[in-house]
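Visitor: Take the sequence shown: its letter number 128 is residue 128 in the numbering used here, and every next letter is one higher. All C-beta atoms in this analysis are idealised placements derived from N, C-alpha and C, irrespective of residue type, glycine included. The structure under discussion is supplied below as C-alpha cells; questions concerning it will follow.
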Amino acid sequence: MSTTNTTQTSEAVSTALSTFLADSYSLMAQAHLAHWNVEGPFFFELHANFQKQYEDLFEAVDELAERLRALDVYAPGGLKTFARLSTVPEVPAGKAPAKDFVAGLIEGHETTLASALATRDAAGNSGDLETQDICVKRIQTHEKTLWMLRSFLKNL
Numbered sequence: 001m002s003t004t005n006t007t008q009t010s011e012a013v014s015t016a017l018s019t020f021l022a023d024s025y026s027l028m029a030q031a032h033l034a035h036w037n038v039e040g041p042f043f044f045e046l047h048a049n050f051q052k053q054y055e056d057l058f059e060a061v062d063e064l065a066e067r068l069r070a071l072d073v074y075a076p077g078g079l080k081t082f083a084r085l086s087t088v089p090e091v092p093a094g095k096a097p098a099k100d101f102v103a104g105l106i107e108g109h110e111t112t113l114a115s116a117l118a119t120r121d122a123a124g125n126s127g128d129l130e131t132q133d134i135c136v137k138r139i140q141t142h143e144k145t146l147w148m149l150r151s152f153l154k155n156l
C-alpha cells in the first residue's frame, strides 16, 4: 500500500517533479553533446565519463516520468516543453576546450541537483516518501558526479 496521497501531491510535487524531469533531460542532452565534441589529451577519459553520465540520466528521466504517471500526472515531453521548463545551462556547442565542457556540466549538475532538492522537499512536505526516495538517490548521484568533475578541473 502506498503512503502517497495523490491529492496532496498532485500540485506541489508534480510541478517540482516536472521541472526535475526537464532539467534531467536537458542535462542528459548536454552530456551527450559534450561526449560527441570533446577533444584533447583527456579525450578517452572524458568521452567515457560523459557517456556514463548521459546513460545514467537516460535511466533517471524514465524513472522520473514514470513517477509522475504513478501520481496520475502526465509527464511533460518534447524539446520545446523541456526547454521552457528547464534552467540547465548549455555546454559549448562545437569546438571548445575540454575544461569548458566539464565546467558546463558542473553548472548543469548543480542546477539539476537544486531541482532534486526542491522536489525532495516538496515530496517531504506532502508525505510522499516514494518520490523522496527517488530524489535522495538522484541527489547522491549528482553530488558524487559534481565531486568528480570538480576534482578533474583542479590544477588545470
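State yes or no: is the C-beta of L163 within less than 8 Å of the C-beta of L68?
Guide: The structure shown does not extend to residue 163, since the chain is modelled only from 1 through 156, so no value can be given for it.
Visitor: Would you kindly check if the distance between the Cβ of L33 and the Cβ of V91 is under 8 Å?
Guide: Taking the first residue of the sequence shown as 1, we reach residue 91 at position 91. Taking the first residue of the sequence shown as 1, we reach residue 33 at position 33. Closer than 8 Å, so yes.
Visitor: Among L57, G104, F42 and P41, whose alpha-carbon lies nearest the alpha-carbon of A116?
Guide: Start at 1 with the first residue of the sequence shown, and residue 116 comes out as number 116. The residue with the shortest Cα to Cα distance from A116 is L57.
Visitor: Per DSSP, what kind of secondary structure is K80 in: helix, strand or coil?
Guide: Looking up residue 80 in the sequence shown gives position 80. Reduced to three states, the DSSP call for K80 is helix.
Visitor: In chain order, what residues of the same chain have a beta carbon less than 7 Å from the beta carbon of A75, not counting five sequence neighbours either side?
Guide: Numbered from 1 along the sequence shown, position 75 holds the residue referred to as residue 75. Counting only Cβ-Cβ distances below 7 Å, and skipping sequence neighbours, we find L21, A65, L68 and R69.
Visitor: Less than 8 Å separating the beta-carbons of L46 and I106?
Guide: Here residue 46 is taken as the residue at index 46 of the sequence shown, counted from 1. Here residue 106 is taken as the residue at index 106 of the sequence shown, counted from 1. No, the pair does not count as a contact, with Cβ atoms beyond the cut-off.
Visitor: When you compare the CB positions of T145 and Q53, do they come within less than 8 Å of one another, or not?
Guide: Start at 1 with the first residue of the sequence shown, and residue 145 comes out as number 145. Start at 1 with the first residue of the sequence shown, and residue 53 comes out as number 53. Yes, Cβ-Cβ distance for T145 and Q53 is below 8 Å.
Visitor: Could you check what DSSP says for M1 in three-state terms: helix, strand or coil?
Guide: Taking the first residue of the sequence shown as position 1, residue 1 is located at position 1. Reliability fails at M1, whose pLDDT of 41 lies under 50, so the model's placement of it is uncertain and no value is given.
Visitor: Pick helix, strand or coil for A34, following the three-state DSSP scheme.
Guide: For the purposes of this step, residue 34 is identified with residue 34 of the sequence shown, where counting begins at 1. DSSP places A34 in helix when its eight states are reduced to three.
Visitor: Looking at the structure shown, is N155 part of a helix, part of a strand, or coil, going by DSSP?
Guide: In the sequence shown, the residue the question calls residue 155 occupies position 155. In this structure, N155 counts as coil in the three-state DSSP scheme.
Visitor: Determine the extent of the alpha helix (DSSP H) in which F43 is found, giving its start and end residues.
Guide: Locating residue 43 in the sequence shown gives position 43, where the first residue counts as 1. Element bounds for F43: F43 to A70.
Visitor: Measuring CB to CB, does G77 end up less than 8 Å from N37?
Guide: Along the sequence shown, one-based indexing puts residue 77 at 77. Along the sequence shown, one-based indexing puts residue 37 at 37. No.
Visitor: Distance, Cα to Cα, F44 vs V61?
Guide: Within the sequence shown, the letter at position 44 stands for residue 44. Within the sequence shown, the letter at position 61 stands for residue 61. Roughly 26 Å between the two C-alpha positions.
Visitor: Note down the Cα distance separating A103 from H35, rounded to an integer number of angstroms.
Guide: Position 103 of the sequence shown holds residue 103. Position 35 of the sequence shown holds residue 35. Rounded to whole angstroms, A103 to H35 spans 14 Å at the Cα level.
Visitor: Three-state secondary structure (DSSP) at S86?
Guide: Translated into the one-based positions of the sequence shown, residue 86 becomes position 86. Of the three classes helix, strand and coil, the one that applies to S86 here is coil, per DSSP.
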